[in-house]
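Colleague:
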Amino acid sequence: MILNGSSKLDISRSMLNNILNLRNSDETGEDGKKHRKSIQAMIDVGGLSNLLLKLGTDEKKGIDPNSVTVRQEEYGVNELEDVTPPTYLELIWEALKDPIMLMLLASAVIQFLLACIPATRDPCHADQIAWQEPFVILLSVFIVSNVAAGTDYTKGKELRRMKEERKHMNKLPVYRNGEIVALETKDIVVGDLVSLTVGDIIPCDGHFVEGNDVEVDESPLTGEPIAIKKTLEYDENSKNPWMIGGTKMVKGNCSFVVMAVGPHSTVGKINMQVLGLTVETDEGEDAVKSDDKGVVTTSDDDDSESPLTKKLEKMAFDITKFGFAAAIFGACIAAIIWAILKFGMGKIIAVEDSHSHTVKQSSSFFSKEDCEDITLEQNYDDDSYKDTCDQFSGNDDPAKIVQLFVTAVTILVVAIPEGLPLAVTLALAVSQASMAKLNNMVKVLESCETMGSATTICSDKTGTLTQNRMTVTNLYVGVSSDKCGEHHAREGPVSVGQQLTSSGADGGFVQTMRDSIAINSSDTSNLMPHKNKDGSIDTSRAYEQVGNKTECGFLGLCSDLCDAGTTYEDIRKSPTFASPVQPGPVGRNNACKFPFSSERKRMSWITPSQDGGFRLHCKGASEVVLARCTNVLTSDANEVVPLTDQHLKGVNDHIQQFANEANRTLVMAIRDFPPDFADWEGIYEGDGADLSSTTVDYEVEHGLTFVGLIGIEDPLRDDVPDSIRLCFNAGVDVRMVTGDNLRTAIAIASRCGILREEHFHHLPELRKEAKFASYAKRLDENFESIFTLQAEMRAAGMTDEETELFAADSKGARGRNLPSGEYTSDPVKALRDNFAMEGSDFMKKVAVGPIPHMGVDGEASQSSYGKTIGAERNQAGIVVNPEEFDAIWPSLRVMARCQPDDKLTLVQGLMESELYTMVDKVKALKEDEGITIYPDAQVVAVTGDGTNDAPALKRANVGFAMGITGTQVAQDACDIILMDDNFSSIITAIKYGRNVYESVQKFIQFQLTVNIVAVSLAIIGAIMFQSSPLGAVQMLWVNLIMDSLASLALATEPPHDALLNRPPTGRNDSIITKQMWFNMIGQSIYQLAATLLILFYGHVMFYTDADNIDTPSDTMLVKQQEIFSDSPDDQLRLGWFTGCEPSQHYSVLFNAFVMMTLFNQFASRKLYGEVNFFDGILGNKPFIVLSVIEFVLQFFFVQFIGSVVGCYPKGLTGSQWGYSLLFGFVGWLWQLVINYVFSHVKAAEK
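Sequential numbering of the sequence shown, starting at 1, is according to full-length UniProt numbering.
(1) So, does the CB of D205 fall closer than 9 Å to a CB anywhere in chain B?
(2) May I have the straight-line CA-CA distance separating F842 from D902, to the nearest angstrom?
(3) In chain order, what are the residue ranges of uninterrupted alpha helix (DSSP H) at least 4 long that sit wholly in the segment 777-858?
(4) My assumption, with CB atoms under 8 Å, is that P1055 sits in contact with N995. Please give the rounded CB distance.
(5) Taking just the CA atoms, how far does E79 sit from K186?
(6) Rounding to the nearest angstrom, what Cα-Cα distance links A1051 and R1165 in this structure?
(7) In chain order, what residues of the same chain lie with their CB nearer than 8 Å to the CB of P890, ignoring the 5 residues before and after it?
(8) Roughly how many angstroms separate the alpha carbons of I851 and D857, rounded to a whole number?
(9) Using CA coordinates, which residue listed in V696, I786, G497, A427 is at the minimum distance from V147?
(10) Quickly, what does DSSP pair K867 with across the bridge? List them, please.
(11) Please state the DSSP three-state secondary structure of L20.
(12) Apply the 10 Å Cβ neighbour rule to G753 and answer buried if 16 or more other Cβ atoms are within range, or exposed otherwise.
(13) Would you tell me roughly how many angstroms separate the C-alpha atoms of I1012 and Q1083, rounded to the nearest one?
(14) Report buried or exposed for L55, applying the criterion of at least 16 other Cβ atoms within 10 angstroms of its Cβ.
(15) Provide the residue(s) that pair with I349 in DSSP beta bridges, ordered along the chain.
(16) In whole angstroms, what separates the C-alpha of F267 from that of V258?
(17) Using a Cβ-Cβ cutoff of less than 6 Å, which residues in the same chain neighbour E1170 once the five nearest sequence positions on both sides are dropped?
(18) Among T154, K443, V181, V190, which has the Cα closest to the Cα of L53?
(19) Measuring alpha carbon to alpha carbon, tell me which of R71, Y997, H647, P1112 ends up nearest residue 1292.
(20) May I ask you to verify whether the segment 659-679 touches the segment 705-714, counting CB pairs closer than 8 Å and requiring at least 3?
(21) Could you have a look at P642 and say whether DSSP puts it in helix, strand or coil?
(22) Is it right to say N1068 is buried, meaning 16 or more other beta carbons lie within 10 angstroms of its own, or is it exposed?
(23) Can you have a look at S1044 and say buried or exposed, based on whether 16 or more other CB atoms are within 10 angstroms of its CB?
(24) Short check: CB of E758 to CB of S785, under 9 Å?
(25) Which residue's Cα is closest to the Cα of D718: N982, Q1121, I143?
(26) Work out the CA separation of E822 and L557 for me, nearest whole Å.
(27) From the DSSP secondary-structure annotation, give me the bridge partner or partners of M1155.
(28) Is it a yes or a no for the segment 321-340 touching the segment 402-419, going by three-plus beta-carbon pairs under 8 Å?
(29) Using the C-alpha atoms, what's the distance from T84 back to F960?
(30) Take I1184 and list the residues in its own chain whose beta-carbon comes closer than 7 Å to its own, dropping the five residues that flank it on each side.
(31) Which residues bound the alpha helix (DSSP H) around residue 1247?
(32) For Y75, count neighbouring Cβ atoms within 10 angstroms of its own Cβ and tell me buried if that reaches 16, exposed if not.
(33) What separation, rounded to the nearest whole angstrom, lies between the Cα atoms of D292 and N271?
(34) Does the ligand FMN have a heavy atom nearer than 8 Å to the CB of S1028?
(35) Under 8 Å by Cβ, that's how I've got T607 and I519 pegged, so tell me the actual separation to the nearest angstrom.
(36) Please confirm whether M1155 and F1096 have their CB atoms less than 9 Å apart.
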């Protein structure tokens, strides 16, 4: 029956969703066994045929195209929801919300308003330049906000383009009214009958209808790399009829009926949860989390701000308080002193205003009392000024009061580190660009820095730690010598096939093995080259495994065994193995005679042999095929010999060994038949035959000749162990969360270093190397890190070989005494408690009340740390007991059989744990368990490639998705995309993240030194002279031009390996360290002392007999000699008494200050008291170039446009420049003194 466009659908969306929701839920039946609830749900709906009827779908013809609109209205559209991307203006607005940006905007507005009012305008500013200061500040804000917004907007636009390309690339054949039409996935609706073949990505959720030999890779959802068979039958372990969106067809072809699309599909629900959106539910639908309005809800704690952002906000708040305090203090003290000097003491001086060309009176410490100063006498014709000079003047004093207010604003502006927002933005942008070249595509700019603070990485296994491609890593073959067998293992880039051929294996044996692999594999299993967009083959990437992954792993071995110019495809097509009879039981050109099934656990293909007879090629589960073997084909002689007990023991020992290494073990075997043999379907009736079994056991699959035991696995990426080691050195814990089984997960975690020897129990009696006894005791009793012990061994003079021997001896001693008195060396049982567990066990231990995705209740109590737990649920909809969680997570390194909500619960729990605040518990964990708890809140990074990883990727502080194998949902949810799918690229992110943090610290160290000196000078100037020696425009030059270039210079510092030898920076650690305070205060003391020396004695020190020298008038010379009684006649004009007119004296002070700042820029490259400021500087050419540019700009500023910006119009003399540079150089020497003092203070504290 086909539904027409106007008919009413006979099944609700809620009923369809309930059936799909129950596919992983179990219930205990009357027989005491667990059964899938979805089985009963399908029975209740009347089975598949009735489901199709209710959906108006014909199992051969599909649906009526006229019903598409009705279906979309009833069931929704097959498009994943997406949040509306922010506009460019919204990104600008977001950037402007930064506290320092707000402070800059406020200061710009205040200065602009003051500049617009003649009475409050700086008397040294003409009308046409009064706007310059606020304009320059606003220009800085404009640049910073646009750099940040532009970077985010461009990155977002590129990601949206990539997503749109993906949408239009995928089209699938769909049955519509008996015709097959190719539709984009967005056009598929509920009820559609979709045809799938190998390589197709399933577009939505549904039920299998019909097909042949179908297997689906569900690892994007489950993390389990083993393909799942799809049939109409239900099998609790390996078969089911559910086709889930986002998974991939790897074998066979089929059709399925669509039951859920878009946000109502499995992938869609995860996507909605990730985006923080809501999914409408219908009455009667079982929702995991619902509110009274019938919508699934998610919580989203405000954890989006990076640690650096929070610290900078706190620092900005502290600086604001300091700035206000300094401004009020400076202005008030200046006002009091001004009042005392003028009204109490009559210490008045006459100063000529160069702008108005009038004489103004000003109070001064350096004038005579009672209005007797010589400057007054020289500028007035009579003594009438004496009667009014110490009284309030309506002409001058209101302007003085306003000037004091302007001085307070100036001090506040000087205190604000104007260049800091630009420094942070530039550091992040530079790191983002550098990381992009190293395969880190940064979507969220702040995540660059956050990764530097990461304390934990929760990593997926499949496709992240491993290669997501099944590979033969172990091979055991028979030999003719007394040892009976030989083991060949993959070692780094050297494959098992290469090991076998280089070991002297007989050429005939190698040919037999390679031919058997090529012949006895499905045509749908292939190794396909990756192609670039232009159609050329990408030789940098391994061949893509298409079809059954296990068979693809075998084909990889076959390729390694093939001679040059021969491929497995050539063998498959070879006439030697073809039969002239088609169809028939024999021949590679015919179907496999005995295909694989989960009941048979083996497959056999019969072909003609080269000697005229027939050969049966068999492969399957090791225990099944080995039991059918009676002979062995030796690899060194290519001879058939009887299978002895010694042979059996060797094979069985290696089966156990391979299994402990997370290998799936299979046996290859052959059997030859004479040319006249034809009884291919004879039933086996020999020893051990089970004639009552429903699975037919054929006689031809007995009496086999053993060819080899194959250990196959999804191997580690080659650089993962080194990357895990680097994480350990960097103080970052790596935890594996995977859908794979516990034994495999433990084996993989052990090999890559996530699980180390200190995480296992050891039995001293199993140790063989006595010389390591002292280290072994510390490992076995105190659980000290083996990495730390090995480092101590090397320091004690032991070789790398000896340290590795100690590790191997410890691995061999893994074991645990059982309650029965016996011991076990099983690695799963030897593991210490809670270091590895399945997700279901973890959830039961930490959850209070219902666990929705498991359909059971948690075992945790309602009380945590003496308090009753409320009803607040985490984002997975689960109430978690913090005390029970804290009892597990410090140990937990591996979570197997992990569901998405298990992973989400772990990630959220780690982020929210406050265990680090409990001193006694932290101390006990260290002393009793050898577990170190990071002394601050956990910063969690999550890696993953599957749809199942998306909620945790979104919830984590930083989420990493894979760029090659990652699903679209995972990439949408993450912060950084690893374009090469390589775990080692995370090390790059950690290094660059820490480098960003250090770059900001370096700039803060540099900038705050400038601000401390400038604020101190401004306050001293306000008190002593009622104005700062450094002009406002000059300070803007330093803060916005010089400091901006300095921020760019320091932001371009490349990361260094030492960054990975330090622990992460805690969320609550101050961004300014004690060493930085020493550096800043020490340099500030020196620079302030130097500037004060210039301020009070520079007019004598820097006098030279040059053409452009700035000398005082006769009157001012007398005044200056009056103040400095021993000073010579040859001296510069004091900047104290020049009013608004620029002086060479103050210009030297400004230039020396800038030179000390520029030289301190080099010293600021180091944060930890390093002696060599120049270490690594040749690797940072931008720093050198920018430093030269800063010097050139300063030279141009002072020498050529000084009159515009408050410097002496004729510039400085050569000797004055020399002195300025000398002050800068002495700052380097002074920094060495600071480092020396700090090192002794630090040593004394210890």
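Ideal placement from N, C-alpha and C gives every residue a C-beta, glycine not left out. Just so we're clear, the structure is a prediction, and the values are computed from it rather than from any experiment.
Modeller: Let's see:
(1) In summary, chain B is missing from the structure at hand, where a single protein chain is found.
(2) 8 Å
(3) Taken in chain order, the complete alpha helix (DSSP H) segments of 4 residues or longer contained in the segment 777-858 are 786-795, 800-812, 827-830, 839-846.
(4) With 8 Å as the limit, P1055 and N995 qualify as a contact, their Cβ atoms being about 4 Å apart.
(5) Cα atoms of K186 and E79: separation of roughly 5 Å, rounded to the nearest angstrom.
(6) Computed Cα separation, rounded: 10 Å.
(7) L915, L925, E929, I931, I933
(8) 5 Å
(9) A427
(10) Bridge partners of K867: S864.
(11) helix
(12) buried
(13) Each residue's alpha carbon lies about 10 Å from the other.
(14) buried
(15) S362
(16) Sequence inspection shows Val at residue 267; the Phe mentioned does not correspond to that position. The straight-line gap from Cα to Cα measures roughly 14 Å.
(17) The answer is none, since no qualifying residue turns up.
(18) V190
(19) As shown, the chain starts at 1 and ends at 1246. That puts residue 1292 outside it, with no answer to give.
(20) A contact exists between the segment 659-679 and the segment 705-714.
(21) strand
(22) Exposure of N1068 is indicated by the presence of fewer than 16 other C-beta atoms within 10 angstroms of its C-beta.
(23) buried
(24) In this structure, E758 sits near S785, with a CB-CB distance shorter than 9 Å.
(25) N982
(26) 41 Å
(27) As computed with DSSP, M1155 is found in no beta bridge at all.
(28) The segment 321-340 makes contact with the segment 402-419; the number of CB pairs closer than 8 Å reaches 3 or more.
(29) 22 Å
(30) So the qualifying residues of the chain are I1177.
(31) The requested residue 1247 does not occur in the structure, where the chain is confined to residues 1 to 1246.
(32) buried
(33) Residue placement at D292 is poorly supported in this model, since its pLDDT is 35, which falls under 50; the coordinates still yield a value, given next. One Cα belongs to D292, the other to N271, and the distance between them is close to 22 Å.
(34) The ligand FMN is not among the ligands present in this structure, which contains no ligands whatsoever.
(35) 6 Å
(36) no
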